[in-house]
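Position one of the sequence shown corresponds to residue 723 (my numbering), numbered consecutively onward.
In this text, a Cβ means the ideal position worked out from N, Cα and C, and glycines have one as well.
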Amino acid sequence: MTILVAGGAGYIGSHTCVVLLEAGYDLVVADNLSNSRKETIDRIKKITGKDFVFYKIDLRDVEKVEELFINHHLDGVMHFAGYKAVGESVYKPLDYYYNNLVTTMVLSMACIKHKVNKFIFSSSATVYGNNKVPFVETMDLLPATNPYGESKAMNEKILMDTAKAYPDFSVSILRYFNPIGAHESGLIGELPKGIPNNLMPYITQVAKGKLEKLKIFGNDYPTIDGTGVRDYIHVMDLAEGHVAALEKIRPGIHVYNLGTGQGTSVLQLINTFKEVNGIDIPYEIVGRRAGDIPISYADVSKARKELGWTAKRGLKEMLRDAWNFEKRL
Ligand code: NAD
Ligand code: UDP
């Protein structure tokens, strides 16, 4: 079975390529490398010892995508391509809507035209907004406080309407919680451009001495120690969740949370980082970050029941692997 991995040179896509190749799938990978490097493609091949075709194309380009669908007999598409920096989306809304919506429309139109009926989409826990935890797939979505979050909710709606109109089109929407960590080889991992927005790469860069200290955004939230709580998930568990979703995909549209179901605060994360890696993370408490919610974690029972998937790796492995990747850079 041949899968098109759109955005496969990126953080989550690259780890998913490894798991797909190891599970015996053939891949076609497409990415414009706007937030990734060609080297990652070579490293996926090195880890797995398997080969695949890579296209450096923009997935908004209808003609290039058409060509790709003509040249390969595809069985399914995993769509990771998009912009993901929440803060940046506020001052570049059009870039975010244009990229995150048009890639989905171009890819799903090509799927319908060429009868490629399996489509897996990267959504985000951000669509739950400030709902009550744990977040369950049946909850009403709350308006996001930023264009990135809105683009995910809009994508879900576009795919819902499409799945309704084309009954053979099978769509899985995967709502990721907070992926961190790296492949255990340390060859692929998260490579943010510039100063990281997310907590984990910020911490590993402080550990490395690239950044001086972590700024903790608020310690007055109604959480265990006042700092924000998130459901961190090992990126390899997340990648395995995609293969489970692909194997169980069926007509219609089905939404799954991919998380661990466990909440961890910022302070708990840096204390565990020290315990695992023996490195102290200097920090200061600063004001809350605009748009942050206090607490987010998943109800994971639907993915467990319907996909037979649960996250296997714990916080210590996530922190060990994140550091193992950063220190080799
Ligand atoms: P990433 O930026 O590392 O990967 C995205 C990849 O898509 C990059 O390689 C980029 O070059 C490529 N890309 C972007 N626009 C493209 C275009 N128009 N044409 C071709 N390639 C394009 O991000 P990631 O962390 O791997 O995230 C993958 C997906 O998961 C994204 O849709 C993101 O919004 C979603 N997501 C990520 C997180 C997270 O914390 N990382 C959480 C929830 C959801
Ligand atoms: N956070 C922080 N300092 C940082 C980056 C993040 O204190 O430099 C906090 C943030 O307020 C949140 C948690 O860490 O409570 C996770 O943030 P991240 O941006 O990684 O994920 P998201 O908020 O998108 O879930």
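Same chain only: Cβ atoms within 7 Å of residue i, ignoring 5 sequence neighbours per side
{"i": "residue 889", "result": "973"}
{"i": "residue 993", "result": "none"}
{"i": "residue 959", "result": "1033, 1034 and 1035"}
{"i": "residue 806", "result": "870"}
{"i": "residue 908", "result": "1046, 1047 and 1050"}
{"i": "residue 900", "result": "952, 953, 954 and 955"}
Beta-carbon gap between residue i and residue j smaller than 7 Å
{"i": "residue 1029", "j": "residue 970", "result": "yes"}
{"i": "residue 902", "j": "residue 954", "result": "yes"}
{"i": "residue 905", "j": "residue 801", "result": "no"}
{"i": "residue 818", "j": "residue 873", "result": "yes"}
{"i": "residue 864", "j": "residue 799", "result": "no"}
{"i": "residue 952", "j": "residue 1018", "result": "yes"}
{"i": "residue 848", "j": "residue 1013", "result": "no"}
{"i": "residue 832", "j": "residue 791", "result": "yes"}
{"i": "residue 1015", "j": "residue 852", "result": "yes"}
Alpha carbon of residue i to alpha carbon of residue j, nearest angstrom
{"i": "residue 1006", "j": "residue 988", "result": "12 Å"}
{"i": "residue 796", "j": "residue 897", "result": "24 Å"}
{"i": "residue 825", "j": "residue 778", "result": "14 Å"}
{"i": "residue 784", "j": "residue 937", "result": "42 Å"}
{"i": "residue 1049", "j": "residue 834", "result": "44 Å"}
{"i": "residue 1037", "j": "residue 996", "result": "12 Å"}
{"i": "residue 741", "j": "residue 766", "result": "10 Å"}
{"i": "residue 965", "j": "residue 926", "result": "28 Å"}
{"i": "residue 1033", "j": "residue 934", "result": "33 Å"}
{"i": "residue 857", "j": "residue 979", "result": "8 Å"}
{"i": "residue 1010", "j": "residue 940", "result": "4 Å"}
{"i": "residue 749", "j": "residue 944", "result": "45 Å"}
{"i": "residue 746", "j": "residue 885", "result": "27 Å"}
{"i": "residue 756", "j": "residue 922", "result": "21 Å"}
{"i": "residue 731", "j": "residue 862", "result": "33 Å"}
{"i": "residue 957", "j": "residue 734", "result": "7 Å"}
Close-in-space but distant-in-sequence residues of the same chain around residue i (CB under 6 Å, 5 per side omitted)
{"i": "residue 1021", "result": "856 and 858"}
{"i": "residue 803", "result": "728, 729, 781 and 825"}
{"i": "residue 754", "result": "780"}
{"i": "residue 892", "result": "839, 840, 971, 972 and 973"}
{"i": "residue 948", "result": "941 and 942"}
{"i": "residue 811", "result": "818, 868, 869 and 870"}
Own chain residues within Cβ distance below 8 Å of residue i, not counting five before or after
{"i": "residue 743", "result": "749, 766, 770, 772 and 774"}
{"i": "residue 881", "result": "826, 830, 841, 843, 893, 895 and 975"}
In chain order, which alpha helix (DSSP H) runs of at least 4 residues are fully inside the segment 752-778?
760-770
Can you check the segment 832-911 for any alpha helix (DSSP H) of at least 4 residues that lies completely inside it and give the ranges in chain order?
869-887
Length-filtered (4 minimum) alpha helix (DSSP H) runs lying within the segment 776-806
784-793
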